[in-house]
Amino acid sequence: MKEDAFDKNWYATILHACALNSDLDLLPEGDATQIGHGSGHGLSGGQMHRIALARAVYARRKLLLLDNIFSALDRKTKTTIIARLLGVDGLLRKANSTIVLVTHEMEQLPCTDQLYVLSDGRLRQEEPRERNVYQGMGSDVVEAEELAGFPELATEDKAAMISDANEIDDLRRAAGDSAAYRYYSRYVGWTNALIFVFFVTMNVFASTYSGIWLQRWADRGGGQKALYVTVYFFLAICNTIGNGGYVWAILILISPSTARWLHYVVLKTVVMYIQFSFLVSRQDMTLVESDLPIGILITVSNLFSSIASAALIATGSKYMGISVPFLIISVYILQHFYLKTSRQLRLLDLESRSPLCSHLLDTVKGLATIQAFGWEADFRIANSTLLDVTQRTYYMLNCIQRWLTLVFDLIVAAEAVIVISLAVSLRHTTSVGLLGVSLNSILAFNGSLSSLISGWTQLEISLGSILRVKDFELTVPREIPTEQEIPVDWPGQGAIEISGMAAQYNSETTVLSNVSLKCFPGMLTVASGSIIIDNIDLATLPPDKVRERLVTISQTPFIMVGCTVRFNLDPTESFPDTDIIAALDRVGLWDGVLFVRGGLDAEISDTLSLSRGEQQLLQLARAMLKIQATNSKILLIDEGTSSVDVETDARVQDLLQQDPFLRILQMWHDKQNPKALQVRSSPIMDFKDGLENNLDNWVTMLCWVAGKPVGDTKSRTEVVPVIEHDA
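Counting in the UniProt record's numbering, the sequence shown runs from 1 upward without gaps.
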């Protein structure tokens, strides 16, 4: 919101109405906490929705369009916010604002004045529900998602601190740190390195010796043309082969293979390891893929060229060798000052680009919101400010590069003066041919030295990324390896037993303790106790194999944008199209949705955009295919139907219940109960002695026993309240 339009009292009223006060208390800096570059890092989905709603209400617009804004909220929070905003005494009703609310939740209908229902491609008007259901509820105190954002915020803060530490390490790391070179050379391989050095040596030798060969030919008066032309032609071919060879070796042979290995290291760390807070950031992988190979190419080739040119310059006079130590000392002192300053400027240049790129991404993602609130001018000013900051470091970097070129020009000019002076004053110490070779080499020596230092600087910057990848690999906590083999048909029966388990996000926060039941509690780190499936303790199995055998559906669908529908459902190409179409048809996505949009070959992108509910159904179809492939008898669902309408959800539940041997563990908060854990084919368990009282709602369990429903309720399951927490 704009600072000049800030209304403190209205701001406090909006925070209360949107149930954000308790969430702000959890943030380290309250409402001044940075929550990421427009993507809501560190906030739960419900918190992000409520912040967006609060922003819209704060603007005091007469017309608000709310698209399923309450879908990510638990029932208590949702009811409170609706009462405070849309109820009889709600803020928006008092302000005479017009609200267009799109929702699939029947419980929100009593707040409406006019009700329209979309069904089967038709729009019909219905009578609004009784409104007094929300009367007087707005004064209730709500503890909104106190646990949802806490672990994420801690991770975000730690990641931010480590990111700052990375910057300090980059600036303090000594040039030529051998640890970075050793780590990178491990993935390059000695064979590839020798091939690269061989081609560089061939190129430098051919280009250098060709001048000496011409000098010998000139000294012999131009005779033996066939011999000298043949050798010179051979040297030219070697020069061309060497030049193309070392470019091929670094860009085609070395760079892709090392980049693949380093990408694999990072991917394996993220996927296979547990809670991590060390981040590979600031375009590290881009530097590894592009800048690092170019830096190696420029540094090594110009190092060899500079050595060869210095040797040829020394042939201009017998006494020129005396100047070589002084030349080396001068270059060393120069690179010492230049490299230290240039490295810092290059790091500042990289750092200044990050806010600019993030701001551009934020602008693109939030363009509709920016235009709706009239923030275009503010974003233009912010963009110009960030661009100016970026240009400052870029300008200073170019200034120091021009200074380096000037100093090298002066050094080479001094070398040329020395060569000419010695050749004139001591004519007997050189020959005309060698003097020509020496003077000709001086012209190339300047460029080689300048490129050598610039390439070395680029290489040193990129090595910072290599060290971060190395630290990322070595410092992230590893999953405990196990040696027990998993049976081929596991889990074939789906018998689940949890015995004396304690689960925690970290070593200081225990969420569950001493839980003994027959269901899966969630994606936490098990600190003690055991989880047994088909008489096998999960702690004794390789974690990656467990993930392969258990089928899961999360609240946030994983959709690969830019890939086809077929690839999203079957990336390993294990199923024929008929099976994929059958799975889509069972969840209701084939006829009328994907079939008319291009079928399985349709690419999921902006042109084929799926709603959140359709994405969840697509994820369900993928899970059904995986169950078919693995023959797994356990399906874990974490609010997997939170964004679909009631009818679709009922159809999905009927679909899941068709397999009497499939054990389904389903967590939700948005149906008939505030928070529920549905367990099919499992006895009712008692949570009272196991779970700690840190929940803000009734925790209920919906159970199926031996594949048959217990009780006679609307959802065909028995609702058993087991814990109530008094706030």
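All C-beta atoms in this analysis are idealised placements derived from N, C-alpha and C, irrespective of residue type, glycine included. All figures in this text were calculated on a predicted structure; none of them were measured in a lab.
Roughly how many angstroms separate the alpha carbons of residue i and residue j, rounded to a whole number?
i, j, result
"residue 285", "residue 105", "44 Å"
"residue 199", "residue 459", "20 Å"
"residue 215", "residue 208", "12 Å"
"residue 565", "residue 303", "51 Å"
"residue 742", "residue 298", "The displayed coordinates of the chain run from 1 to 727. Any statement about residue 742 would go beyond what the structure contains."
"residue 586", "residue 547", "25 Å"
"residue 537", "residue 64", "53 Å"
"residue 664", "residue 590", "24 Å"
"residue 52", "residue 11", "14 Å"
"residue 134", "residue 128", "At residue 134, the pLDDT of 46 sits below 50, so the modelled position is not reliable; the number obtained from the coordinates is stated separately. Using only the alpha carbons, I get a separation of about 14 Å."
"residue 423", "residue 313", "12 Å"
"residue 307", "residue 562", "50 Å"
"residue 218", "residue 456", "38 Å"
"residue 473", "residue 92", "52 Å"
"residue 539", "residue 551", "18 Å"
"residue 70", "residue 44", "13 Å"
"residue 543", "residue 642", "28 Å"
"residue 86", "residue 79", "10 Å"
"residue 15", "residue 638", "29 Å"
"residue 621", "residue 348", "47 Å"
"residue 360", "residue 393", "19 Å"
"residue 502", "residue 656", "30 Å"
"residue 49", "residue 66", "10 Å"
Mapping the DSSP letters down to three states, classify residue i as helix, strand or coil.
i, result
"residue 561", "coil"
"residue 201", "helix"
"residue 61", "coil"
"residue 100", "strand"
"residue 24", "helix"
"residue 643", "coil"
"residue 530", "strand"
"residue 610", "coil"
"residue 6", "coil"
"residue 66", "strand"
"residue 245", "helix"
"residue 603", "strand"
"residue 72", "coil"
"residue 659", "coil"
"residue 388", "helix"
"residue 220", "coil"
"residue 45", "helix"
"residue 34", "coil"
"residue 631", "coil"
"residue 399", "helix"
Sorted by chain position, which residues of the same chain lie with C-beta nearer than 7 Å to residue i's C-beta, five sequence neighbours on each side aside?
i, result
"residue 575", "625"
"residue 8", "none"
"residue 193", "185"
"residue 570", "580, 625"
"residue 646", "104, 106"
"residue 438", "312, 313, 315, 316, 419"
"residue 373", "59"
"residue 584", "590, 594, 621"
Just list the residues that DSSP pairs residue i with in beta bridges.
i, result
"residue 124", "117"
"residue 637", "553, 666"
"residue 499", "530"
"residue 579", "DSSP output for residue 579 lists no bridge partner at all."
"residue 537", "532"
Please go through the same chain and pick out, in chain order, the residues whose beta-carbon is closer than 6 Å to the beta-carbon of residue i, but skip the five residues on each side of it.
i, result
"residue 262", "288, 469"
"residue 73", "46"
"residue 117", "124, 126"
"residue 756", "Residue numbering for the chain in the displayed model covers 1 to 727; residue 756 lies beyond these limits and cannot be assessed."
"residue 416", "442"
"residue 56", "64"
"residue 39", "Any reading at residue 39 is ruled out, since the residue's pLDDT is 42, under 50, leaving its predicted position unreliable."
For residue i, collect the residues of the same chain with a Cβ closer than 8 Å to its Cβ; drop the 5 residues on either side in sequence, then sort them by chain order.
i, result
"residue 249", "192, 195, 196, 199"
"residue 610", "559, 604, 618"
"residue 363", "370, 379, 383"
"residue 644", "104, 613, 616, 617, 652"
"residue 68", "102, 103, 104, 612, 643"
Review point. Per the contact definition of three or more C-beta pairs closer than 8 Å, is the region 379-398 in contact with the region 438-449?
Key: no
Check your understanding: Within the chosen definition, does the region 22-38 reach the region 81-101 through at least 3 CB pairs nearer than 8 Å?
Key -> no
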